[in-house]
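Numbering (the UniProt record's numbering), first residue to last: 1 to 238. Comments concern the structure below.
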Ligand code: UDP
């Protein structure tokens with residue numbers, strides 16, 4: 001077997017990726033399939049950290065939060081990411097992958113706090129590290145948490161999992177002539193107004209020269225293929 005193209009990566013999953021075809025929450029079959037993909041990559045010796053969103057449960061900007069104090073609603077959103085992280089960690093345990101959930105908000109009876117040297121140690125030991133509670137601050141998103149933690153742990157790449165297999169010249173659902181970029185620079189993505197990650201996350205990755213790979217989490221084998229260096233998704237580079 002040829003060697004993986006990356007040693008350490010940060011995978012960003014949206015909360016919605018866990019919903020499958022459901023309207024809310026966690027779909028069992030979907031999380032199991034996702035974990036099988038992650039487990040395969042972890043067993044190849046790739047050091048893997050994951051940031052998971054909370055949009056399948058609660059978002060600070062959701063209609064249900066209307067009229068609420070924004071910071072309070074955002075803390076609820078962060079707690080939603082903790083629930084998803086626990087579900088993900090447990091699903092990994094069930095397939096024999098050791099995962100550690102680390103939270104940016106102290107809830108020590110439930111999950112250990114995020115401590116950078118400890119996260120690095122877990123990664124070196126081959127454990128999957130799941131970063132819960134985003135950045136720990138309201139007014140941010142888990143995309144930004146992914147960029148931040150990715151930079152902190154020295155990841156070679158931020159993998160942004162989406163339902164589409166990359167960044168397109170136009171919305172492929174609306175425009176049949178739309179084509180996928182294999183690679184695109186940060187500057188070109190900005191000048192073409194292409195939405196890759198939210199603006200704060202994007203700026204952080206660009207400043208830190210941390211490339212982003214946008215790929216499809218619903219396409220079977222895509223995660224492994226891109227880890228092996230295959231033509232998958234879109235690489236956003238400096
Ligand atoms: N959130 C936050 N700070 C963070 C990360 C997340 O306040 O650093 C809150 C925010 O309310 C957000 C929610 O948690 O709407 C869920 O995160 P996100 O929307 O990024 O999840 P995703 O869209 O990836 O499922």
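The beta-carbon is built from N, C-alpha and C at its ideal position, and this holds for glycine as well.
Closest Cα partner of residue 79 within the set 197, 66 and 111: Comparing Cα positions, the closest option is 111.
Looking only at C-alpha atoms, which of 72, 128, 12 and 57 sits nearest to residue 24? With distances taken between Cα atoms, residue 24 lies closest to 57.
Do residue 233 and residue 166 come within 9 Å of each other at the CB atom, strictly closer than that value? Cβ atoms of residue 166 and residue 233: closer than 9 Å.
Given 8 Å as the limit, tell me if residue 114 has its C-beta closer than that to any heavy atom belonging to the ligand UDP. Using a cutoff of 8 Å, the CB of residue 114 does not count as near the ligand UDP, since none of the ligand's heavy atoms is closer than that.
Taking the beta carbon of residue 171 as the centre, do at least 16 other beta carbons fall within 10 Å, making it buried, or is it exposed? Flag for residue 171 reads exposed.
Close beta carbons around residue 71, own chain, < 6 Å, minus the five adjacent residues each side: Here the set comprises 138.
Quick one: residues in its chain with C-beta nearer than 6 Å to the C-beta of residue 217, no 5 flanking neighbours on either side, listed in chain order? Answer for residue 217: 17 and 161, listed in chain order.
Taking 9 Å as the threshold (C-beta atoms), are residue 130 and residue 157 in contact? No.
In whole angstroms, give me the CA-to-CA distance for residue 31 and residue 123. So the alpha carbons of these two residues sit roughly 22 Å apart.
Could you give the C-beta distance for residue 153 and residue 120, rounded to a whole number, given that I count them as a contact under 8 Å? Contact between residue 153 and residue 120 holds: CB atoms are separated by about 6 Å, below the 8 Å threshold.
Which first and last residues belong to the beta strand (DSSP E) in which residue 158 is found? It spans 157 to 162 - the beta strand (DSSP E) in which residue 158 sits, taken as one unbroken run.
Does the separation of the CB atoms of residue 239 and residue 135 fall below 9 Å? The requested residue 239 is not part of the displayed model; the chain covers only 1 to 238.
Would you kindly report the start and end of the unbroken alpha helix (DSSP H) that includes residue 102? Residue 102 -> not in any alpha helix (DSSP H); beta strand (DSSP E) instead, spanning 99 to 103.
Measuring straight from C-alpha to C-alpha, what distance separates residue 9 and residue 176? Distance between the alpha carbons of residue 9 and residue 176: 33 Å.
For residue 48, write down the residues that DSSP places opposite it in a beta bridge. Bridge partners of residue 48: 9.
Measure how close the beta-carbons of residue 7 and residue 46 come, nearest whole angstrom, since I'm counting them as under 8 Å. Their Cβ separation, rounded to whole angstroms, is 7 Å, which keeps residue 7 and residue 46 in contact under 8 Å.
Residues in the same chain with beta-carbon distance under 7 Å from residue 55, minus the five sequence neighbours each way, listed in chain order, please. Correct list, in chain order: 14, 15 and 16.
Taking the C-alpha atoms as reference points, what is the distance between residue 180 and residue 76? Approximately 36 Å between the Cα atoms of the pair.
Looking at the secondary structure, which residues open and close the beta strand (DSSP E) in which residue 14 lies? Taken as a continuous stretch (DSSP letters only), residue 14 belongs to no beta strand (DSSP E), as it is neither H nor E.
Give the C-beta separation of residue 150 and residue 226 to the nearest angstrom, bearing in mind that I take them to be a contact with Cβ-Cβ under 8 Å. Their Cβ separation, rounded to whole angstroms, is 15 Å, which puts residue 150 and residue 226 out of contact at 8 Å.
Rounded C-beta distance between residue 132 and residue 95? I'm assuming under 8 Å. That pair is no contact at about 20 Å.
Considering Cα atoms alone, identify which of 128, 201 and 40 is closest to residue 221. Among 128, 201 and 40, the Cα nearest to that of residue 221 is on 40.
If you draw a straight line from the C-alpha of residue 5 to the C-alpha of residue 34, how long is it? A direct Cα-Cα distance of roughly 20 Å separates residue 5 from residue 34.
Same chain, Cβ closer than 6 Å to residue 73, five either side skipped, listed in chain order: These residues qualify, in order along the chain: 60 and 65.
My output table needs one value for residue 112: the three-state DSSP class, helix, strand or coil. Secondary structure of residue 112 (DSSP, three-state): strand.
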